[in-house]
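Undergrad: Just so you know, the sequences run in chain order S and L.
Under the working numbering, the first residue of the first sequence carries the number 54, and numbering increases by one thereafter.
Under the working numbering, the first residue of the second sequence carries the number 224, and numbering increases by one thereafter.
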Amino acid sequence: EVQLVESGGGLVQPGRSLKLSCVASGFTFSNYGMNWIRQAPGKGLEWVAYISSGSSYIYYAETVKGRFTISRDNAKNTLYLQMTSLRSEDTALYYCARTTDYYVMDAWGQGASVTVSS
Amino acid sequence: DIQLTQSPSSMSASLGDRVSLTCQSSQGIGNYLSWYQHKPGKPPKPMIYYATNLADGVPSRFSGSRSGSDYSLTISSLESEDTAIYYCLQYDEYPWTFGGGTKLELK
C-alpha cells in the first residue's frame, strides 16, 4: 500500500525555522517526483514546491522562494521541506504528494499542521 | 503566474442532477489542467488529468472537457458522496497554480 506520512509540524514563532519530513512507503520513492502543497485555515489549496526524482529539477511558489528549501533522501525514502523566516501567512496544513509521469498527484499524506504565531 | 478562475465559488444541486463546474485560465495552458476533489479531513483526490482523462478509480459519471481557455468538470448524475470542494490545477508551467475552488453541496 502506498503511504506518505508527514511529520515535523507544530507551533513556531515568526522568523523561526521548521523542517517537515514526509516518509514514503509501498512504492519505489526514487522513481517519482514529489510536491508540497499547503492549505491555510479557511483557504484553498496552494502549490508550494516540486522536486524531481533525482533532485535535478526544483521549483518553488513565489510566496516561499528564498525561504523554503525542498530536498529528498532517496536512500531514506524521505522528502523534506526546510522552512525559514516563517511568517504568520505560512500557517497551514502541509501535504506531501507523489507525482506521476502524467503530473497527477496521485498519492497524498494526511498533512502536517504548521502554526506560526508569537 | 498563471491565474485560474473557478466558477461558481459555491453551488447546491439535487441528487441525480447534471452538474458542471468551470475553470478559466488567464493564458494558454493547452490540456495541462487537472481537477481535484477535496473533502474535509481528507487529502485531495485526483479526478481528471490532461483536461479530459479520468484518474484511476474515478467513477464514469465524472468527465472533463475543454473549450479554448475554459475547462469544465461535469458530473452526469450527482450522488451524495460527490459533495466536496473541487479545485482545478494547471501544470503547464511552474509555479503550478490552483483555482480558488468550487464548493459543491446537496440541495
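We treat Cβ as the ideally placed atom computed from N, Cα and C, and that holds for glycine.
#1: Determine the chain S residues that contact T306/L at a beta-carbon separation under 9 angstroms, and present them in chain order.
#2: Along the chain, where does the beta strand (DSSP E) that runs through K129/S open and close?
#3: Between the segment 106-119 of chain S and chain L, which residues of the former have CB atoms less than 8 angstroms from a CB of the latter, in chain order?
#4: 9 angstroms is my cut-off, CB to CB: does L98/S come that close to chain L?
#5: Just checking: is the beta-carbon of D159/S within a distance shorter than 9 angstroms of some beta-carbon in chain L?
#6: According to a CB-to-CB cut-off of less than 8 angstroms, which residues of the segment 244-260 of chain L neighbour chain S?
#7: CB-CB under 8 angstroms to L98/S, same chain, minus the five flanking residues each way: which ones, in chain order?
#8: Need the endpoints of the beta strand (DSSP E) that R151/S sits in, please.
#9: Kindly list, in the order they appear in chain S, the residues whose Cβ is closer than 7 angstroms to that of P263/L.
#10: Would you kindly work out how many angstroms separate the C-alpha atoms of L146/S and A236/L, rounded to a whole number?
#11: Based on the DSSP secondary-structure assignment, which residues constitute the bridge partners of A102/S?
#12: Go through its chain and collect everything with a Cβ distance to R284/L's Cβ below 7 angstroms, but skip five positions before and after it.
#13: Expressed to the nearest angstrom, what Euclidean distance is found between the alpha-carbon atoms of R125/S and R241/L?
#14: Assuming the contact rule is C-beta atoms closer than 8 angstroms, G79/S and I104/S should be a hit. Round their C-beta distance to whole Å, please.
#15: Does the segment 267-279 of chain L come close enough to the segment 246-258 of chain L that 3 or more CB-CB pairs lie under 8 angstroms?
#16: Which residues of chain S have a Cβ atom closer than 9 angstroms to the Cβ of Y273/L, listed in chain order?
#17: At which residues does the beta strand (DSSP E) containing Y237/L begin and terminate?
#18: Can you list the residues of chain S that P269/L reaches, using a CB-CB cut of under 8 angstroms?
#19: Spatial neighbours of N127/S within its chain, please: CB distance less than 7 angstroms, with the 5 preceding and 5 following residues excluded, ordered by chain position.
#20: To the nearest angstrom, how far is it from the Cα of L71/S to the Cα of D143/S?
#21: Measuring alpha carbon to alpha carbon, tell me which of P231/L, K330/L, S249/L and P269/L ends up nearest V157/S.
#22: Give me the chain S residues within the contact set of P318/L, using Cβ-Cβ distance strictly less than 8 angstroms, ordered along the chain.
TA: Checking against the coordinates, here is how it stands:
#1: The premise fails here: T306/L is roughly 17 angstroms from chain S at the closest Cβ pair, so nothing lies under 9 angstroms.
#2: Per DSSP, K129/S belongs to no beta strand (DSSP E) and is neither H nor E.
#3: Y112, Y113, A114 and E115
#4: yes
#5: yes
#6: Y255, S257 and Y259
#7: I90, R91 and Q92
#8: A145 to T152
#9: By Cβ distance, chain S contributes nothing, its closest Cβ being about 11 angstroms from P263/L, past 7 angstroms.
#10: 29 angstroms
#11: W89/S and Y113/S
#12: I298, S299 and S300
#13: 43 angstroms
#14: Rounded, the Cβ-Cβ distance is 19 angstroms, inconsistent with contact.
#15: yes
#16: Y155, Y156 and V157
#17: Reading the sequence as shown, one finds Ser at residue 237/L and not Tyr. From DSSP, S237/L is part of no beta strand (DSSP E); its letter is neither H nor E.
#18: V157, M158 and D159
#19: F82 and S83
#20: 11 angstroms
#21: P269/L
#22: W100, Y112, Y113, A114 and E115
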